[in-house]
Amino acid sequence: MTSNGELPTVEIYTDGACLGNPGPGGYAAILKFGGKQKVITGGYRLTTNNRMEIMAAIAGLTALKKNCVVNIYSDSRLLVDTMTKGWLQSWIKRGWRKKDGSPTLNPDLWQKLLTLTEKHQVSFHWIRGHIGDAENELCDKLSKQAAKEQNLPVDEVYEKTAENSRIKKKR
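Going by my numbering, the sequence shown opens with residue -3, and the numbers climb by one from there.
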């Protein structure tokens, strides 16, 4: 809490990238609070761009040490629309299924993100990418750099899901 009893406000800028989709992926989050800035990056050896977009938001929220008012800025329509248009709640009600009955992609990450947002007062904001927003441009650069790192860890859920999909297609 701030000295006046209000929750601190944090801005989190996020981006995710993939070198191929699927392919090696990276994410970046820039946290801004009270004139300070913290940068978080990471990646996986095989993943998707959407998983990295979600992971960027998860990484940013995970870094918060106390309850905050959080504004998350992302150029991912999927991330922002899922969190602002009720899609996530609808998927959960339908047992992680879309309107057409097909399975929702990345339920592991959506659930983790939902759990983290419940700890804070979070608002998601869409920003157009690649138009000169300094934080968005930096997140874009950092997420691509993270995807190029050597010895990236395994995105176990994605690789297990991808392997299961390949097995089903062979049958």
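C-beta atoms are modelled at their ideal positions from N, C-alpha and C, and glycine is treated no differently. Keep in mind the model is a prediction, meaning the values are calculated, not measured.
With contacts defined as CB atoms closer than 8 angstroms, residue 67 and residue 119 qualify as a contacting pair. By the criterion of a C-beta distance shorter than 7 angstroms, residue 55 is surrounded in its chain by 23, 25, 36, 38, once the five residues flanking it on both sides are discounted.
The Cβ atoms of residue 42 and residue 19 lie closer than 8 angstroms to each other. For the pair residue 106 and residue 73, the CB atoms are not nearer than the 8 angstroms cut-off.
Here residue 115 has 63 as same chain residues with Cβ atoms under 7 angstroms from its own Cβ, once five neighbours each way along the sequence are excluded. Under DSSP, residue 40 forms a beta bridge with 21. For residue 86, the three-state secondary structure derived from DSSP is helix. Looking at 40, 34, 141, the one whose alpha-carbon comes closest to that of residue 57 is 34. Residue 70 is bridged by DSSP to 10, 122. Annotation: the continuous alpha helix (DSSP H) that includes residue 45 extends over 45 to 58. If you draw a straight line from the Cα of residue 30 to the Cα of residue 102, it comes to about 33 angstroms. With 16 or more neighbouring CB atoms inside 10 Å of its own CB, residue 50 falls in the buried class. Residue nearest to residue 12 within the set 5, 45, 32 is 45 (criterion: CA-CA distance). For residue 100, there is no enclosing alpha helix (DSSP H), since its DSSP letter is neither H nor E. The three-state secondary structure of residue 150, taken from DSSP, is coil. A distance of 8 angstroms or more separates the beta carbons of residue 48 and residue 91. Listed in chain order, the non-local C-beta contacts of residue 131 below 6 angstroms within the same chain comprise 9, 26, local neighbours out to five positions each way being set aside.
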